[in-house]
Structure formats: structure tokens, C-alpha cells
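**Q** Could you have a look at this structure, given as C-alpha cells, before my questions?
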Amino acid sequence: MVSILAGLVGGVIATIVMTMGMMRMGDGGPPPTAGLVAKTAGGEPAEYEMPGMLLHMLYGVGAGVVFALGVPLVGLNFDSLVVAAGLGLVYGMVLMIVGMMFWMRMVLGMEADRDTMVMFGTVHASYGIVLGAVLGSGIVA
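According to the numbering used here, the residues represented by the sequence shown are 7 to 147, in order.
Listed below in C-alpha cells is the structure:
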């Protein structure tokens, strides 16, 4: 059985990996979550880069816990590293779709170009695979 702690640790590790990918592949601008902070607090996203990164980290950690607790609830498990990484990949793609369709388009009114969509998909896939691998490895009880 995977614990909340494992979901927290997996979420932190996966979000760090994802963020490194975003920084490498992105355009150097603030993360989309900075746009959410700016929309709430007023101002421009560039003014809220660090709060946006913190919010994104909180999302990633929370999503890690949801994954750790949710997979067993639907009758699946993390007994195999390959299966866990595969489940993580699917989860990452679901998060990508929700992020693009709901947060980016509906909440922030952003239309991502092709390069942004490729980056968004790649980093969410890496998030999910790393999250699944951490949980499937059993390194955190």
C-alpha cells in the first residue's frame, strides 16, 4: 500500500523534474501559474514568477498525493515499476489536458501555440512517469 508520504515525496520529485524541463524547453517567461496569481492579485505574470512557481509546486505535490491515494481506489496498484510508470504517464496526460483545457483556456484565456503544447505535454508526461516510478519503486513507504 502506498502512503500519503510517498505521494508527497513523489510529487515533490516529479515536480522538480517537470520544472527543470519547463525551464529548459520554455521561452524563459513565467509559468502559467504566475498568470493565475496575477489574475487574482492584479498585475502582470512576470511580477509573480516565484509565487507562480510555488503554486505550481503545491499543485504538483497535491497531485502526487491524489495519485497515490486514487490509484488503489480504482482497483489498480503500484506492484510493478513498469505498470506504475505507465499509470503515471496516463495521469500526467490527464493533468496536461485539464491544465490546457481548463486552466489555460478557460481560466486564464490563453491559447497555446504548437511549441507550448509540445512542451506542456512533454513536461507533464515526465511528471507522471517520475511520479509513478517513485511510487512503484517503493523507496518511500
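We put the CB at the ideal spot given by N, CA and C, even for glycine. Source: prediction; values computed, not measured.
Under a three-way DSSP split, which group does L14 fall into?
**A** helix
**Q** Given that a residue counts as buried once 16 or more other Cβ atoms are within 10 Å of its Cβ, and exposed if not, what is P36?
**A** buried
**Q** Would DSSP call S132 helix, strand or coil?
**A** helix
**Q** Is it the case that the Cβ atoms of G27 and V129 are separated by a distance below 7 Å?
**A** yes
**Q** What do you get for V147, buried or exposed, if any count of 16 or more other CB atoms within 10 angstroms of its CB means buried?
**A** The displayed chain sequence assigns Ala, not Val, to residue 147. When all chains shown are included, A147 counts as exposed.
**Q** Suppose the cutoff is 8 Å on Cβ atoms and the five residues either side in sequence are ignored; what does the same chain contact list for M106 look like?
**A** A118, M123 and F126
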